[in-house]
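Enquirer:
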Amino acid sequence: MALHTKEQLTAVIKSAGLRLTDHRLAILATLARVKQPVTVYELVDTLRKKENIDQATVYRNLTSLHEAGLLRRLDFNHGHAHYELETGEASHQLVCNSCETVEKIEGISIDSAVQKMLKRSKKFKNATTHSIEIYGVCKHCA
Ligand SMILES: [Zn+2]
Ligand SMILES: [Zn+2]
73 MALHTKEQLT AVIKSAGLRL TDHRLAILAT LARVKQPVTV YELVDTLRKK
123 ENIDQATVYR NLTSLHEAGL LRRLDFNHGH AHYELETGEA SHQLVCNSCE
173 TVEKIEGISI DSAVQKMLKR SKKFKNATTH SIEIYGVCKH CA
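The letter at position 55 of the sequence shown is residue 127 when you use this note's numbering, and the numbering goes up by one with no holes.
So, in structure tokens, the structure goes:
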């Protein structure tokens with residue numbers, strides 16, 4: 073499910089058992105708008121254009137939203153985390169080994185590969201969602 077409206081995001085926060093605050097709503101609304109997984113720094117920069125919010129508050133809210141299962145935390149070997157909304161949909165990213173370029177690619181299905189993996193798996197019967205990072209070198213760094 074795509075989460076875009078304020079009403080949908082409000083419902084998601086409440087159903088996760090979290091208290092609804094302007095900051096939580098603003099963080100989720102920003103993540104719903106961006107095309108790429110963002111860092112805390114990028115999130116603070118974007119939020120500060122509209123809100124009076126400091127980095128510690130953003131961190132704290134990201135942690136509680138992540139613990140509640142509303143966010144996905146991604147690691148691209150940058151030494152910092154990136155966040156995106158947990159929509160339950162698969163997420164595919166190309167990541168540059170040289171610079172910090174990350175490109176999210178939409179509309180690609182690797183479901184058949186997932187099915188093959190499950191067939192070979194001794195410990196898993198099914199999969200819910202996935203996030204994959206493919207590493208390489210971007211055009212600018214090549
Ligand atoms: Zn990064
Ligand atoms: Zn690059």
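For every residue, glycine included, the Cβ atom is placed at its ideal position computed from N, Cα and C.
Source: prediction; values computed, not measured.
Given a cut-off of 8 Å on the beta-carbon distance, is the pair A101 and G141 in contact?
Expert: Taking the sequence shown and counting its residues from 1, one reaches residue 101 at position 29. Taking the sequence shown and counting its residues from 1, one reaches residue 141 at position 69. In this structure, G141 does not lie closer than 8 Å to A101 by Cβ.
Enquirer: DSSP has Y155 in a bridge; who is on the other side?
Expert: For the purposes of this step, residue 155 is taken as the residue at position 83 of the sequence shown. In the DSSP output, where bridge partners are listed per residue, Y155 has V110, R145.
Enquirer: How many angstroms separate the CA atom of K211 from the CA atom of K188?
Expert: Here residue 211 refers to the residue found at position 139 when the sequence shown is read from its first residue. Here residue 188 refers to the residue found at position 116 when the sequence shown is read from its first residue. Using only the alpha carbons, I get a separation of about 32 Å.
Enquirer: Could you please go through the chain and list the residues whose beta-carbon is closer than 7 Å to any non-hydrogen atom of ligand 1?
Expert: T111, F148, H150, H152, H154, E172, V174
Enquirer: Excluding five sequence neighbours on each side, which residues of the same chain lie with their C-beta closer than 8 Å to the C-beta of V209?
Expert: Looking up residue 209 in the sequence shown gives position 137. Contacts found: C168, N169, S170.
Enquirer: Is S184 close to ligand 2? I mean its beta-carbon at under 7 Å from any heavy atom of the ligand.
Expert: Taking the sequence shown and counting its residues from 1, the one referred to as residue 184 is at position 112. Outside the cutoff, so no.
Enquirer: Between the Cα of D147 and the Cα atoms of V112, K197, T129, which residue gives the shortest distance?
Expert: Start at 1 with the first residue of the sequence shown, and residue 147 comes out as number 75. Comparing Cα-Cα distances from D147 to each of V112, K197, T129, the minimum goes to V112.
Enquirer: Could you spell out the range, first to last residue, of the alpha helix (DSSP H) harbouring V130?
Expert: Numbered from its first residue, the sequence shown carries residue 130 at position 58. Going by DSSP, V130 is part of the alpha helix (DSSP H) stretching over 127 to 139.
Enquirer: Cα separation between S193 and E156?
Expert: Here the question's residue 193 lines up with position 121 in the sequence shown. Here the question's residue 156 lines up with position 84 in the sequence shown. Roughly 28 Å between the two C-alpha positions.
Enquirer: Following a CB-centred definition, is V209 positioned closer than 7 Å to any heavy atom of ligand 2?
Expert: The residue you call residue 209 lines up with position 137 of the sequence shown. Yes - ligand 2 has a heavy atom lying nearer than 7 Å to the Cβ of V209.
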